[in-house]
Amino acid sequence: MLGIVIATHGNLSDGLKDAAEVIVGTTNNIATVNLNPGDDLQELGKQIEDAVKEVHQENGVIVLTDLVSASPYNQSVLITNGLDPTLQEKIYIIGGVNLPMLLETINHQILSTPVEEAAPAVMKQGSDSLAIWHISEIEDEEDEDDF
1 MLGIVIATHG NLSDGLKDAA EVIVGTTNNI ATVNLNPGDD LQELGKQIED
51 AVKEVHQENG VIVLTDLVSA SPYNQSVLIT NGLDPTLQEK IYIIGGVNLP
101 MLLETINHQI LSTPVEEAAP AVMKQGSDSL AIWHISEIED EEDEDDF
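Structure representation (structure tokens):
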């Protein structure tokens, strides 16, 4: 089973997991790691490492972080560099997590998609799920031709 770690600033990771469970029901093999004000960064790295080892079941791990090049992302990269090379090959770290990305990851977990195929699909879902709407997009009903 694909392992999922969500590592974020504050309690965002817990909130994302809770929101996903509202949509898909109880989830499996997902660990959350939170960085709160005053937390030690080395301890954060240890927590991420423990979470990766907890969820790893030979099918790989996707680590979802909130910001690229911020502490949860950087610590994920650092701990991955220190792991056994066979495990390193099975870890993908993705920054900029949003709820659709987590749902996509869970879907690939359920489908037993190989991690090397799931990670790019998760990235694509992240960008595909963004949208903008403005009132100016509504056509004036008087301008519509029903003929």
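Counting along the sequence shown from 1, when you hit position 36 you're at 36 in full-length UniProt numbering, and nothing is skipped either side. Glycine included, every Cβ here is placed at the ideal spot set by N, Cα and C.
What does the Cβ neighbour count give for A131, buried or exposed, with the cut at 16 atoms within 10 Å? By the neighbour-count definition (other C-beta atoms within 10 Å, threshold 16), A131 is an exposed residue.
For A7, tell me which candidate among D66, T26, T105 has the shortest Cα-Cα distance. Here the closest residue by C-alpha is D66.
Close Cβ partners of L78 (< 8 Å) along its chain, the five nearest in sequence each way excluded: Answer for L78: G45, listed in chain order.
Since M123 and I94 are thought to touch, with beta carbons under 8 Å apart, how far apart are those beta carbons, to the nearest angstrom? Indeed they touch by this definition, with Cβ atoms about 6 Å apart.
Can you tell which of H108, L99, H134 has its C-alpha closest to the C-alpha of D128? Checked all of H108, L99, H134; the closest Cα to D128 is L99.
For I95, which of helix, strand or coil comes out of DSSP? The sequence given here places Gly at residue 95; Ile does not occur at that position. Reduced to three states, the DSSP call for G95 is strand.
So, V61 versus V5, is the Cβ gap smaller than 8 Å? Cβ atoms of V61 and V5: closer than 8 Å.
I need the straight-line Cα distance from F64 to W133, nearest angstrom please. The amino acid occupying residue 64 in the given sequence is Leu; Phe does not appear at that position. Put simply, the backbone Cα of L64 is about 27 Å away from that of W133.
Beta-carbon gap between L2 and V97 smaller than 8 Å: Judged by their CB atoms, L2 and V97 are not nearer to each other than the 8 Å cut-off.
Take T32 and list the residues in its own chain whose beta-carbon comes closer than 6 Å to its own, dropping the five residues that flank it on each side. Setting aside the 5 residues that flank it on each side, T32 is surrounded in the same chain by I6, S13, D14, K17, each with a C-beta closer than 6 Å to its C-beta; the list follows chain order.
Please tell me whether L102 and A20 are closer than 8 Å, where the distance is taken between their beta carbons. Going by C-beta atoms, L102 is nearer than 8 Å to A20.
Would you kindly check if the distance between the Cβ of H108 and the Cβ of L87 is under 8 Å? Going by beta carbons, L87 and H108 fall outside the 8 Å limit.
Between A118, G38, L111, which has its C-alpha nearest G10's C-alpha? When C-alpha distances from G10 are compared across A118, G38, L111, the shortest belongs to G38.
I'd like the ranges of any alpha helix (DSSP H) spanning at least 4 consecutive residues and lying wholly in the UniProt domain "PTS EIIA type-4" (1-130). Fully enclosed alpha helix (DSSP H) runs of no fewer than 4 residues occupy 12-24, 41-55, 71-81, 85-88, 99-111, 115-128 of the UniProt domain "PTS EIIA type-4" (1-130), in order along the chain.
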